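J.: This structure is in structure tokens; I'll ask about it shortly.
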Amino acid sequence: MPKEEMLEFDGTVTEVLPDGNFRVKLDNEHEVLAYTAGKMRKFRIRTGVGDRVIVEMSPYDLQRGRISFRHKGDAPAPSPQQRRPNFRRR
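Encoded structure:
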């Protein structure tokens, strides 16, 4: 059991940085550096600029956090490119 509970904040992604890092502006106007949680990375949940997210932060370091959830937006997702069906060659 952890000593201190994680703090959760809502925010909006403002910048996508290399290596799965993001700059997130919280609803209380603070900017934090956040990385993608392991489950989100495992299931390849993509996060882009303008996405609403939930950031978990430790009470010891309020400048960094972990993105644990991405809200589904009302905007339609970009349509996937036309793909050819996979045919087995004999």
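Residues 1 to 90 (full-length UniProt numbering) are what the sequence shown spells out, left to right. Glycine included, each C-beta is placed from N, C-alpha and C at the ideal position. These numbers come from a predicted model, not from an experiment.
If you draw a straight line from the C-alpha of F69 to the C-alpha of N86, how long is it?
T.: Numbered from 1 along the sequence shown, position 69 holds the residue referred to as residue 69. Numbered from 1 along the sequence shown, position 86 holds the residue referred to as residue 86. Answer to the nearest angstrom: the Cα atoms are 33 Å apart.
J.: By the three-class DSSP mapping on this structure, what secondary structure does residue 93 have?
T.: No information on residue 93 is available, as it lies outside the stretch 1 to 90 that the chain covers here.
J.: Quick check: does the Cβ of R41 come within less than 7 Å of any heavy atom belonging to the ligand NAP?
T.: Annotation note on the ligand NAP: not contained in the displayed structure, which lists no ligands.
J.: Over the uninterrupted beta strand (DSSP E) stretch that includes N21, give me the two end residues.
T.: Here residue 21 corresponds to residue number 21 of the sequence shown, with the count starting at 1. Secondary structure note for N21: its beta strand (DSSP E) is the uninterrupted segment 21 to 26.
J.: Give the DSSP bridge partners of E31, in chain order.
T.: Translated into the one-based positions of the sequence shown, residue 31 becomes position 31. Beta-bridge pairing links E31 to K25.
J.: Can you look up R46 in the DSSP assignment and give me helix, strand or coil?
T.: Residue mapping note: residue 46 aligns to position 46 of the sequence shown, counting from 1. It is coil, neither helix nor strand.
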